[in-house]
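What follows is a short report on a single structure.
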Amino acid sequence: MGIIRLTTQEGKPVEYRDEIIGQGGLKDVYLSPDGSYVVAFFRDPLDSAGKERLKAIVGPYREGIFAQEGGSYWQELFCWPTGVVEHGGRIGIVAPAYHQQFYFEHGSINNDFLGIKGKEKEGKWFASASNRAKYLAPAEKGSWLTHLQIALAISRAVRRLHAAGLAHSDLSYKNVLVDPTRGKACVIDIDGLVVPNKFPPDVVGTPDFIAPEVIATQQLDRHDPQRKLPSTLTDRHALAVLIYMYLFYRHPLRGGKVHDLDATRDEELAMGSQALFIEHPQDASNRVRSEQLRAAELPWGDPTRLPYTIAGPLLADLFRQAFVDGLHNPQQRPTPSEWESALVRTLDMIQPCANRQCEMGWYVFDNTTQPRCPHCGTPYQGQLPVLNLYSSRHSNAYQPDNHRVMVWNGQSLFPWHVNRKIFPNEHLTPAQRRRVGYFQLHQGEWYLVNEGMPQMVDLANRREIPLGGNVKLTDGSQFLLSKEEGGRLIQVQLVGG
Ligand SMILES: [Zn+2]
Numbered sequence: 300m301g302i303i304r305l306t307t308q309e310g311k312p313v314e315y316r317d318e319i320i321g322q323g324g325l326k327d328v329y330l331s332p333d334g335s336y337v338v339a340f341f342r343d344p345l346d347s348a349g350k351e352r353l354k355a356i357v358g359p360y361r362e363g364i365f366a367q368e369g370g371s372y373w374q375e376l377f378c379w380p381t382g383v384v385e386h387g388g389r390i391g392i393v394a395p396a397y398h399q400q401f402y403f404e405h406g407s408i409n410n411d412f413l414g415i416k417g418k419e420k421e422g423k424w425f426a427s428a429s430n431r432a433k434y435l436a437p438a439e440k441g442s443w444l445t446h447l448q449i450a451l452a453i454s455r456a457v458r459r460l461h462a463a464g465l466a467h468s469d470l471s472y473k474n475v476l477v478d479p480t481r482g483k484a485c486v487i488d489i490d491g492l493v494v495p496n497k498f499p500p501d502v503v504g505t506p507d508f509i510a511p512e513v514i515a516t517q518q519l520d521r522h523d524p525q526r527k528l529p530s531t532l533t534d535r536h537a538l539a540v541l542i543y544m545y546l547f548y549r550h551p552l553r554g555g556k557v558h559d560l561d562a563t564r565d566e567e568l569a570m571g572s573q574a575l576f577i578e579h580p581q582d583a584s585n586r587v588r589s590e591q592l593r594a595a596e597l598p599w600g601d602p603t604r605l606p607y608t609i610a611g612p613l614l615a616d617l618f619r620q621a622f623v624d625g626l627h628n629p630q631q632r633p634t635p636s637e638w639e640s641a642l643v644r645t646l647d648m649i650q651p652c653a654n655r656q657c658e659m660g661w662y663v664f665d666n667t668t669q670p671r672c673p674h675c676g677t678p679y680q681g682q683l684p685v686l687n688l689y690s691s692r693h694s695n696a697y698q699p700d701n702h703r704v705m706v707w708n709g710q711s712l713f714p715w716h717v718n719r720k721i722f723p724n725e726h727l728t729p730a731q732r733r734r735v736g737y738f739q740l741h742q743g744e745w746y747l748v749n750e751g752m753p754q755m756v757d758l759a760n761r762r763e764i765p766l767g768g769n770v771k772l773t774d775g776s777q778f779l780l781s782k783e784e785g786g787r788l789i790q791v792q793l794v795g796g
């Protein structure tokens, strides 16, 4: 088989095997001989605006994100095109091959009866209760912890796109690869990015993720000022839907309400002008009719069994903001950065389930004194230490940070727990990525081992806790973790038992 050798418009050599390995909606995909990148040709000719857009995406926009300090951080979260080629009258893009973790290792149940082993882990496999129940091998499913991590990775990627002045415009489970076994996600199909007021969108999006205002105005002429097109505000809707679907395996707007007897019109209204959250706190008219669900859709398909509030108070607030306040009011929708912050803090509120057979394995502490796993009903056993985080402000007084850490055996403390001014994102230095302490359950008592907090003090007796030392967690105990500005004080609360 022949190898084709070309030079990109940016002047870099590329080569690929002359055999189509995959076909997307718009492109034919070829693989480089070493397998490290692909060349994808658009089947249809591009107009000059389309060519300009590709140039901008592989050029200035790519450099703005990747050619900076910390740029390598984004290589895991985006499959970003690196060059543009032209061959035989067709335009193509060069892009990194997907990481190995985004291909099924086991595939489906019954010795992979669907034959999906080795195929891409398209997000839609993991966003539906019946796909998970009927098809996926247990080893592919991941836990609730890894699904929260996936939601965090996607929020982070979208936050970075928006910060660069870009909108994805077609964010969906088709354009995000996920790895639930490791909690990873990667945004793909970057070549369709929208630059507001410069490169308009060429698709309206993927059903299920298109914002209501886009559907409600789609019959208007493209140039009608009332027509709403994909933008960062519609990305915010798609992001909220994606997060909801990866955590609850159902769609937030597909409930029991019938808007019209004509199916097409009904769909237009249900996803457009009449869209209504199935878990709307006041308006119950679009509740899921659980008697209509198939066995494979349970329990996730029934929000009365697993309501959105099991994601904890911080995420529940954002779901209400997205699907109640902001559903028809785009400016009210949570930003990707708000999701990122709430997800980081929610990941500190998670507990492993004591039931080893529990399908989801982890759950968010529900702020009650007798926590239990919402997935399998197993109560938390023993005493659960909850750390309430405070930090110093200008006045020297310590103020609550609306951030709690639910301790579990082997859990770590990181620099972002020690200082309010540190946030776990692309700006962390290598030193800030290292853990500085961990928790251990020993003969029924909880201990915090200090590994990297040289200023740690037990406030009850003003005793310094040296590096390598440890301290027992008792109800009401207080520890200062750092004396620097923004340094945290933690107050221990022992729950249950
Ligand atoms: Zn459980």
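Taking this note's numbering, I'd label the letters of the sequence shown as residues 300 to 796. For every residue, glycine included, the Cβ atom is placed at its ideal position computed from N, Cα and C.
Under the three-state DSSP convention, the category residue i falls into
{"i": "Asp616", "result": "helix"}
{"i": "Lys420", "result": "coil"}
{"i": "Ser427", "result": "coil"}
{"i": "Gly786", "result": "strand"}
{"i": "Thr531", "result": "helix"}
{"i": "His716", "result": "helix"}
{"i": "Gln777", "result": "strand"}
{"i": "Pro629", "result": "helix"}
{"i": "Ala394", "result": "strand"}
{"i": "Thr667", "result": "coil"}
{"i": "Asn852", "result": "What the structure shows of the chain is the stretch from 300 to 796, and residue 852 is not part of that stretch, so it cannot be assessed."}
{"i": "Ala452", "result": "helix"}
{"i": "Met295", "result": "Lying before the first or after the last residue shown, residue 295 is absent from the chain, which here runs from 300 to 796."}
{"i": "Ala484", "result": "strand"}
{"i": "His741", "result": "strand"}
{"i": "Arg389", "result": "strand"}
{"i": "Asn760", "result": "coil"}
{"i": "Ile298", "result": "No answer is possible for residue 298: it lies beyond the span of the chain, which begins at 300 and ends at 796."}
{"i": "Asn496", "result": "coil"}
{"i": "Asn769", "result": "strand"}
{"i": "Leu345", "result": "coil"}
{"i": "Glu798", "result": "What is shown of the chain runs 300 to 796, which leaves residue 798 out entirely."}
{"i": "Val791", "result": "strand"}
{"i": "Ile542", "result": "helix"}
Any non-hydrogen atom of ligand 1 within 7 angstroms of residue i CB
{"i": "Cys657", "result": "yes"}
{"i": "Asn409", "result": "no"}
{"i": "Thr728", "result": "no"}
{"i": "Asn654", "result": "yes"}
{"i": "His627", "result": "no"}
{"i": "Thr445", "result": "no"}
{"i": "Cys672", "result": "yes"}
{"i": "Thr677", "result": "yes"}
Presumed contact (8 angstroms Cβ cut-off) between residue i and residue j, rounded CB distance
{"i": "Phe401", "j": "Glu375", "result": "Going by Cβ atoms, the distance from Phe401 to Glu375 rounds to 11 angstroms, so no, they are not a contact pair."}
{"i": "Ala428", "j": "Gly600", "result": "5 angstroms"}
{"i": "Gly369", "j": "Lys311", "result": "Not confirmed; about 24 angstroms, so no contact."}
{"i": "Tyr472", "j": "Phe547", "result": "Not a contact, Cβ separation roughly 13 angstroms."}
{"i": "Val706", "j": "Leu686", "result": "7 angstroms"}
{"i": "Tyr360", "j": "Leu465", "result": "6 angstroms"}
{"i": "Ser690", "j": "Arg535", "result": "Rounded, the Cβ-Cβ distance is 29 angstroms, inconsistent with contact."}
{"i": "Ala510", "j": "Thr533", "result": "4 angstroms"}
{"i": "Pro673", "j": "Ile609", "result": "4 angstroms"}
{"i": "Pro395", "j": "Ile356", "result": "Not confirmed; about 14 angstroms, so no contact."}
{"i": "Ser589", "j": "Thr603", "result": "7 angstroms"}
{"i": "Leu811", "j": "Arg316", "result": "This structure does not reach residue 811, given that the chain is present from 300 up to 796, and the question cannot be answered."}
Segment contact flag, the stretch 657 to 667 with the stretch 740 to 756, C-beta cutoff 8 angstroms, min 3 pairs: With a cut-off of 8 angstroms, the stretch 740 to 756 and the stretch 657 to 667 do not count as touching, because too few Cβ pairs lie within range.
Given 8 angstroms, three or more beta-carbon pairs between the stretch 564 to 580 and the stretch 450 to 470: Taking 8 angstroms as the limit for Cβ pairs, the verdict is that the stretch 450 to 470 does not touch the stretch 564 to 580.
Contact the stretch 448 to 458 vs the stretch 623 to 639: 3+ CB pairs below 8 angstroms: Yes, the stretch 448 to 458 is in contact with the stretch 623 to 639.
Touching by the beta-carbon criterion (3+ pairs, under 8 angstroms), the stretch 779 to 789 and the stretch 713 to 724: The stretch 779 to 789 is in contact with the stretch 713 to 724.
At least three beta-carbon pairs within less than 8 angstroms, the stretch 643 to 659 to the stretch 605 to 620: Touching, yes, given that three or more Cβ pairs across the two stretches are closer than 8 angstroms.
Meets three-Cβ-pair contact criterion under 8 angstroms: the stretch 544 to 560 and the stretch 383 to 401: When Cβ pairs closer than 8 angstroms are counted between the two stretches, the stretch 544 to 560 is seen not to touch the stretch 383 to 401, the count staying below three.
The stretch 464 to 481 contacting the stretch 505 to 522, beta-carbon criterion three pairs below 8 angstroms: Verdict: yes, contact present.
Inter-stretch contact (C-beta, 8 angstroms, three-pair minimum) for the stretch 330 to 338 and the stretch 398 to 412: The answer is no - the stretch 398 to 412 does not touch the stretch 330 to 338, with fewer than three Cβ pairs under 8 angstroms.
Inter-stretch contact (C-beta, 8 angstroms, three-pair minimum) for the stretch 668 to 683 and the stretch 750 to 764: Contact between the stretch 668 to 683 and the stretch 750 to 764 is absent, because fewer than three Cβ pairs lie under 8 angstroms.
Cβ pair count under 8 angstroms reaching 3, the stretch 485 to 501 against the stretch 524 to 533: As far as the Cβ criterion goes, the stretch 485 to 501 touches the stretch 524 to 533, which means the pair count is three or higher.
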